Amino acid sequence: MTTPASLLNPEAFLSPLAIDEAVQRALDEDLGRAGDITSIATIPEATKAHAILIARQSGIIAGLPLAVATFQRLSPDISIEAHFRDGATVAAGVQVLTISGPARAVLAGERTALNFVGRLSGIATLTSDYVRRAAGTQLRICCTRKTTPGLRALENYAVRCGGGFNHRFGLDEAILIKDNHIAVAGGVRPVLERARAHIGHLVKVEIEVDTLAQLREVLNSGLADVVLLDNMDIAMLTEAVKLASGRVVLEASGGVTLDSIANIAKTGVDYASVGALTHSAPNFDVALDIDA
Numbered sequence: 007m008t009t010p011a012s013l014l015n016p017e018a019f020l021s022p023l024a025i026d027e028a029v030q031r032a033l034d035e036d037l038g039r040a041g042d043i044t045s046i047a048t049i050p051e052a053t054k055a056h057a058i059l060i061a062r063q064s065g066i067i068a069g070l071p072l073a074v075a076t077f078q079r080l081s082p083d084i085s086i087e088a089h090f091r092d093g094a095t096v097a098a099g100v101q102v103l104t105i106s107g108p109a110r111a112v113l114a115g116e117r118t119a120l121n122f123v124g125r126l127s128g129i130a131t132l133t134s135d136y137v138r139r140a141a142g143t144q145l146r147i148c149c150t151r152k153t154t155p156g157l158r159a160l161e162n163y164a165v166r167c168g169g170g171f172n173h174r175f176g177l178d179e180a181i182l183i184k185d186n187h188i189a190v191a192g193g194v195r196p197v198l199e200r201a202r203a204h205i206g207h208l209v210k211v212e213i214e215v216d217t218l219a220q221l222r223e224v225l226n227s228g229l230a231d232v233v234l235l236d237n238m239d240i241a242m243l244t245e246a247v248k249l250a251s252g253r254v255v256l257e258a259s260g261g262v263t264l265d266s267i268a269n270i271a272k273t274g275v276d277y278a279s280v281g282a283l284t285h286s287a288p289n290f291d292v293a294l295d296i297d298a
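In my numbering, each number is its position in the sequence shown, counted from 1, plus 6.
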């Protein structure tokens, strides 16, 4: 029997609770108070349907556990056969899932299932494109907190399906001192000293800088674990790597694109954070066709 858990990418964790919550919320939104009144009005209750979820483009598939959970939530009598699991590379035109069962449930779950797979596969595919262009270097591609409200767990999971890594999951996970924190706190050293005085020994401290002078100040303080190099060009990133000389982890951020990622990777920075992975990923083209 195909279950949501059996289709998860083995290299990326997604809580079953997150799947259940997202599916229920999406179905509540779509079915409203009266359900799929079109299918109820036009399809006899006992009618069965056989449908195929098809990829209409090539890329990295993700979101299949949510699609399966969607249909299974609507009817215990739905049977699903999966031909791939999350993280797999698929070609245009291949069958990804086959779904059989009560026609009303299949039709009612169609759009919700496609929305999950289209959104998450789009993120996974775009992430994979970035990862591929940085291949052969030490650079890791990371997402950011620029996610769809309420869907961060799913979108972060999709990034991992595409071979990327996650940044902070939330504000409570690590300290990231941005330019506005520095301005309010009175400078680089004061803000770092306050951060270190407040946190426990297992909490990492990252600070954003936008000049090499600021980077030198951070390095001289010895109080940061990671430095975010904000909107620096290739020459500045290269010089920053030389200055740091392995003393801190370096993360490039701001203006990171598919066209620039290969050159950023060659500078020797450790990470590049890319907001576009989640806020600008194109929807992956998938469809559900009834197989008569």
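Glycine included, each C-beta is placed from N, C-alpha and C at the ideal position. In this text, all values refer to a predicted model and were calculated from it rather than measured experimentally.
Own chain residues within Cβ distance below 6 Å of S81, not counting five before or after: G107, P108 and A111
When DSSP labels each residue in this structure, what does S286 get in the three-state scheme? coil
N289 to F122 span [Cα, whole Å]: 10 Å
Cβ-Cβ separation, G41 to T76 (assumed contact under 8 Å), whole Å: Their Cβ separation, rounded to whole angstroms, is 14 Å, which puts T76 and G41 out of contact at 8 Å.
P22: first and last residue of the uninterrupted alpha helix (DSSP H) it sits in: P22 to L37
Give the straight-line distance between the Cα atoms of A230 and C149, rounded to the nearest whole angstrom. 21 Å
Residue interval of the beta strand (DSSP E) (run including C148): R146 to C148
Counted within 10 angstroms of its Cβ, other Cβ atoms place L182 as buried (16 or more) or exposed: buried
DSSP beta-bridge partners of V232: E212 and V255
From V254, E51, V209 and A241, pick the residue whose C-alpha is nearest to that of L113; which is it? E51
Whole angstroms is fine: what's the gap from R79's alpha carbon to P155's? 23 Å
If we ignore side chains and look at the alpha-carbon of each, how far apart do R146 and N269 end up? 13 Å
Which one of D265, H285 and L243 has the shortest CA to CA distance from A258? L243
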